[in-house]
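Please read the structure below before turning to the comments.
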Amino acid sequence: MKNIKSILILLVSSTIINVWLIRFNDETIYRGGDSLNMLEEFGVYGFSETFTYIIGFIKVSCAIFLLISIYYNKILLPAAYVIIALMFGAVFMHFNVNDELIKFLPATLVLISTLVIVFINNKQISNEK
612 MKNIKSILIL
622 LVSSTIINVW
632 LIRFNDETIY
642 RGGDSLNMLE
652 EFGVYGFSET
662 FTYIIGFIKV
672 SCAIFLLISI
682 YYNKILLPAA
692 YVIIALMFGA
702 VFMHFNVNDE
712 LIKFLPATLV
722 LISTLVIVFI
732 NNKQISNEK
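Residue numbering for the sequence shown follows the numbering used here, beginning at 612 and increasing consecutively.
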């Protein structure tokens, strides 16, 4: 189970870092509405450029904290809970603008993966008691 948790942490973290630092200005089929990059996507949802950068900072920070949690487990839950909240928000925003289901896929997979990380972590903690 520990290996599965570590693999999911690597997948979630690398996905968030890829989206926010590498593909921020790239067009993908997953962008909300008819947007061509992250700033346009957040505009589709009615958010400002400043808000976009704040959310990006929080997501990337939490992704880094998740990576660190592989070695220092005490920061896993706070980072994971923030990512879960933000991914619920992302899924909601896709729903709110009537996006096709394919556009929900990355946020939904990151959300589910992070929920599984928390579940495995909590199971490991309860087994240690």
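Heads up, the beta-carbon is just placed ideally off N, CA and C, and yes, glycines get one too.
Fair warning: this is a prediction, and the values are worked out from it, not measured in the lab.
Discussion item. Here's the rule: buried if 16 or more other CB atoms are within 10 angstroms of the residue's CB, otherwise exposed. What is L712?
Written reply: Numbered from 1 along the sequence shown, position 101 holds the residue referred to as residue 712. Burial call: exposed.
Worksheet entry | Per-residue DSSP class, three states only, for L647 | Mapped onto the sequence shown, residue 647 falls at position 36. Coil.
Fill in: Within 8 angstroms, strictly: CB atoms of M698 and T663
Taking the sequence shown and counting its residues from 1, the one referred to as residue 698 is at position 87. Taking the sequence shown and counting its residues from 1, the one referred to as residue 663 is at position 52. For M698 and T663, no; Cβs fall outside 8 angstroms.
Worksheet entry | Validate contact between the segment 683-690 and the segment 629-641 using beta carbons, cut 8 angstroms, 3 pairs | no
Worksheet item: Just to confirm, are L610 and E660 a CB contact at a threshold of 8 angstroms?
Response: Since the first and last residues shown for the chain are 612 and 740, residue 610 lies out of range.
Discussion item. So, at 8 angstroms on beta carbons, what are the nonlocal neighbours of P717 in its own chain, with the 5 sequence-adjacent residues on each side left out?
Written reply: For this step, residue 717 is matched to residue 106 along the sequence shown. Closer than 8 angstroms at the Cβ level, and outside the excluded window around P717, lie T626, V630, Y641.
Worksheet item: What's the C-alpha gap between E739 and F653?
Response: Start at 1 with the first residue of the sequence shown, and residue 739 comes out as number 128. Start at 1 with the first residue of the sequence shown, and residue 653 comes out as number 42. About 42 angstroms.
Practice prompt. Please list, in chain order, all residues of the same chain as A674 whose beta carbon is under 6 angstroms from its beta carbon, the five residues on each side excluded.
Written response: In the sequence shown, the residue the question calls residue 674 occupies position 63. Taken in chain order, the residues that qualify are S624, I627, I628.
Item to complete: Taking only beta-carbon positions, decide if N738 is within less than 8 angstroms of chain C.
Response: Included in the structure is just one protein chain, with no chain C present.
Item to complete: For C673, verify whether its CB is less than 7 angstroms away from any heavy atom of the ligand HEM.
Response: Looking at this structure, you won't find the ligand HEM or any other ligand, since it has none at all.
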